[in-house]
Each structure stands twice: as C-alpha cells, then as structure tokens.
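The block underneath contains the structure these notes are about, expressed in structure tokens.
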Amino acid sequence: MPDSSSAAPDRLGIVVIGRNEGERFCACLASLPPAIPVVYVDSGSTDDSVENAQRAGVHVVHLSAESGFTAARARNMGWRALLAKFPDLEFIQFIDGDCSLDPNWLGHAMAEITLDDGLAIVFGRCRERYPERSIYNAQCDREWDVPLGDVRSCGGNAFIRVAALVQVDGYTDLLIAGEEPDMCLRMRKHGWVIRRILPEMTLHDAAIHSFGAWWKRAKRAGHAYAEHVYIHKGNADPDWVRALASMVVWGVVLPGLFVLGLGLGLLVHPYWAFLSLAVGSVFTLQFFRLSRQGKAKGLTPKTARLEATLLLVGKLAQSTGTHLFLLKNLTKSRTAIMEYK
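Dropping the structure here:
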C-alpha cells in the first residue's frame with residue numbers, strides 16, 4: 001500500500017487554507033507529512049491558527065482583507081507562494097484547514113497521476129469526521145461520495161498537476177463558492193482530465209449542527225450555481241445547469257404558484273385555492289419519491305424522510321442565494337463571503 005513517504009517530496013508541495021478552524025486546524029497540521037513543503041494561507045483568523053502553523057514550522061501567508069476573503073484567492077496565493085519557494089514542484093495537494101489528510105493518500109495520488117500525463121487532478125474519498133452528530137453532517141458525507149472514474153469537477157481537497165494549474169492561472173479569485181468546478185471546466189477545455197479514485201483522501205469536520213448553518217451553506221450553493229451558469233453560459237458544467245434548473249422549479253416557480261393560489265383564493269375566488277392544492281400535491285409526490293430513493297440507497301426510513309425534507313427545503317435556501325447573486329449583479333456590487341460555521 002502506498003504511503004506519503006512514497007510521494008516524492010521533491011516533486012510535491014501542500015497548500016492549506018483556513019480561517020478560525022481551531023482544533024480542526026491542529027488536526028490538519030498533525031496529519032501532514034513532515035518531509036513535504038507546506039504553505040498555509042490564513043484569511044484573517046482571530047484564533048491561534050497562525051501561531052499553531054508557525055509552531056509546526058509551516059510557512060504562513062496572510063490574505064489581505066482589502067480584496068475580500070475567498071477560498072479561491074487563498075488557494076491562488078498559496079500555490080504561487082509555494083512555487084516561488086520551490087519552482088520545480090510538479091504537484092500540489094490542496095487541503096482545507098478543517099480537514100485531515102489520510103496517511104496513505106499522497107502515495108495513492110502520486111501513483112495514479114504519474115501513470116497518465118493527461119491527468120490534471122486526482123481526488124479520493126472525502127468523509128465527514130462526525131456524521132453521527134447531525135443529519136446535516138451525514139448529508140455532507142453522502143454528498144461527497146461522488147462516482148469513481150473521470151468526472152467533470154472536484155472539491156476543495158485535491159491533488160493537482162502544476163502544469164495544468166499554471167495553464168489556467170488557477171482559481172477565479174472573486175468567486176465566493178464554486179471555484180473548483182469553474183477551474184475544472186477551464187482545464188477540461190484544454191484537454192485535461194479530472195479523476196476520482198477509490199482510496200481515502202481526507203476527513204472533513206463540517207461541524208454543521210444547526211438548521212441555520214445548514215441553510216447558509218445551501219444558500220451559498222445557490223449563489224454558486226447561478227454565478228457559474230452566468231459566467232460560462234452555454235459552456236457551463238451540465239451538472240450545475242441541472243442543479244440551477246431544479247432549484248428554479250422547486251425553489252422559485254412552484255412555491256410562487258402556491259402563494260399565488262392562496263392569494264387569489266382569498267382575494268378573487270376560492271377556486272384559485274385548487275392551484276395551491278395542486279402544487280402541494282406535487283411536493284408531496286416528490287417527497288415520497290425522494291424518500292424511496294433514499295431507502296434504495298440503504299438509508300433507514302426515518303433518515304430517508306429527513307433527507308427528502310432537506311433536499312426539498314434546500315431548494316428554497318438555494319433560491320435565496322440565487323436571488324442574492326442576481327441582486328448583486330444588477331447593482332454591480334460584490335457578494336461577501338458566506339460563512340456557515
């Protein structure tokens with residue numbers, strides 16, 4: 001079994017990004033192999049993150065607040081700082097500060113990517129560290145288990161070939177979310193391949209323990225879907241186009257018709273209430289369909305019902321993010337970072 005010691009430290013560096021991750025960041029630092037150069041980019045932390053990184057012997061880069069904090073800017077500053085110190089690196093492992101790296105991952109990733117010169121990105125299984133602590137954490141764990149093989153995009157934790165990263169000039173700085181699909185799309189236009197492989201890669205402590213935090217995360221996703229499709233238009237990632245279309249139907253059109261039916265039923269004629277009844281029936285059917293899908297995937301009946309509820313309510317949360325993007329785009333202003341922790 002490959003381990004991190006076989007990952008050729010003279011060819012590989014690590015970029016960590018974070019903001020106020022506390023003990024999660026300490027666990028992240030402890031998981032990194034000592035022989036590989038590491039750059040940590042801090043986005044204005046007010047906890048001991050910077051001190052902890054310095055004590056671990058990690059080079060720290062401070063992200064300026066003037067241009068706004070985004071994961072995209074942090075990763076870009078990280079890889080550029082890393083290459084400035086080690087210009088001959090061929091690969092970079094990106095990891096978020098709330099994640100811990102599996103001890104065998106780097107060896108697996110190096111073995112995979114060196115076999116195929118067309119591979120730009122390799123990533124493995126990202127698991128939620130504490131799925132049992134909330135239904136929201138458990139949903140994240142299922143969300144991160146994407147299909148194996150060649151895929152359209154990756155997440156924030158990824159093993160990336162420097163040549164591909166430099167060719168597309170990294171991430172798009174101003175994106176507050178969805179920067180990975182954006183970069184992967186630009187890489188694929190140049191013929192590069194993104195691949196999910198089986199080995200364990202990271203443990204991610206999402207720490208979503210409240211409905212409000214979950215809502216903010218879903219809102220951020222809706223903003224990302226809209227911005228991605230707006231930027232790339234006809235070339236947008238089909239998965240994100242479908243996600244946006246689904247959100248518009250279930251989070252905007254149908255709820256709007258439900259409210260319209262109620263209003264007209266009260267103000268014009270009671271028959272209009274049948275419109276709301278019809279929309280309610282559609283939501284009910286969709287709830288049972290999603291519940292059946294969840295049970296078919298091995299979820300308990302209770303968990304399947306909770307998952308179905310979150311998927312439906314999540315469309316409403318996503319729609320608020322899309323509305324925010326449209327408003328900010330109309331007023332030519334920039335959306336601030338959306339933190340949910």
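Numbering follows full-length UniProt numbering, with no gaps: position 237 of the sequence shown is 237.
For glycine and all other residues, C-beta sits at the position ideal for the given N, C-alpha and C.
Is the closest heavy atom of the ligand GTP to the C-beta of A273 under 6 Å? Absence of the ligand GTP from the depicted structure is noted, as is the absence of any ligand whatsoever, leaving it without description.
Would you call the CB atoms of G18 and G97 closer than 7 Å? If you number the sequence shown from 1, residue 18 lands on position 18. If you number the sequence shown from 1, residue 97 lands on position 97. Against a cut-off of 7 Å, the Cβ pair of G97 and G18 comes out as a contact.
Taking just the CA atoms, how far does V162 sit from D42? For the purposes of this step, residue 42 is identified with residue 42 of the sequence shown, where counting begins at 1. For the purposes of this step, residue 162 is identified with residue 162 of the sequence shown, where counting begins at 1. When rounded, the distance between both Cα atoms is 22 Å.
Could you check which residue in E143, E128, L203 has the C-alpha nearest to that of A27? For the purposes of this step, residue 27 is taken as the residue at position 27 of the sequence shown. Nearest option by C-alpha distance: L203.
If you pair each beta-carbon of the stretch 202 to 220 with each one of the stretch 274 to 289, do three or more pairs fall below 8 Å? For the pair of segments examined, the stretch 202 to 220 was found not to touch the stretch 274 to 289: the number of CB pairs separated by less than 8 Å stays below three.
In the DSSP assignment, what are the bridge partners of D150? Walking along the sequence shown from the start, residue 150 turns up at place 150. Among the bridge pairs identified by DSSP, D150 is matched with R195.
Counting pairs of Cβ atoms below 8 Å between the stretch 74 to 90 and the stretch 11 to 25, do you hit three or more? The answer is yes - the stretch 11 to 25 touches the stretch 74 to 90, with three or more Cβ pairs under 8 Å.
Best match in P37, G68, A65, E143 for proximity to A53 [C-alpha to C-alpha]: In the sequence shown, the residue the question calls residue 53 occupies position 53. Nearest option by C-alpha distance: P37.
Exposed or buried, which one is L244 when buried takes at least 16 other CB atoms within 10 Å? Translated into the one-based positions of the sequence shown, residue 244 becomes position 244. Buried, since its Cβ has 16 or more Cβ neighbours within 10 Å.
What beta strand (DSSP E) runs, 3 residues minimum, are completely inside the stretch 86 to 140? Entirely contained in the stretch 86 to 140, the beta strand (DSSP E) runs reaching 3 residues are, in chain order, 91 to 96, 99 to 101, 119 to 128.
Am I right that F325 and H223 are in contact with their C-beta atoms under 8 Å? What's the rounded C-beta distance? On the sequence shown, residue 325 is found 325 positions in, with the first residue counted as 1. On the sequence shown, residue 223 is found 223 positions in, with the first residue counted as 1. With 8 Å as the limit, F325 and H223 qualify as a contact, their Cβ atoms being about 5 Å apart.
Given this structure, state the Cα-to-Cα distance separating G44 from F258, to the nearest angstrom. On the sequence shown, position 44 is the one that residue 44 refers to. On the sequence shown, position 258 is the one that residue 258 refers to. Roughly 44 Å separates the two Cα atoms.
Element boundaries [beta strand (DSSP E), containing N18]: The sequence position of residue 18 within the sequence shown is 18, counting from 1. Strictly speaking, residue 18 in this sequence is Gly, with Asn absent from that position. Per DSSP, G18 belongs to the beta strand (DSSP E) from 12 to 18.
Helix, strand or coil for A236? Go by DSSP, reduced to three states. Taking the sequence shown and counting its residues from 1, one reaches residue 236 at position 236. Coil.
Report the rounded CA-to-CA distance for R292 versus T300, giving the unit in angstroms. For the purposes of this step, residue 292 is taken as the residue at position 292 of the sequence shown. For the purposes of this step, residue 300 is taken as the residue at position 300 of the sequence shown. Taking the straight line joining both Cα atoms gives about 10 Å.
Ignore the nearest five residues each way along the sequence and tell me which others in S246's own chain have a CB closer than 8 Å to its CB. Position 246 of the sequence shown, counting from 1, holds the residue named residue 246. Excluding residues within five positions, the ones whose Cβ falls inside 8 Å are K315.
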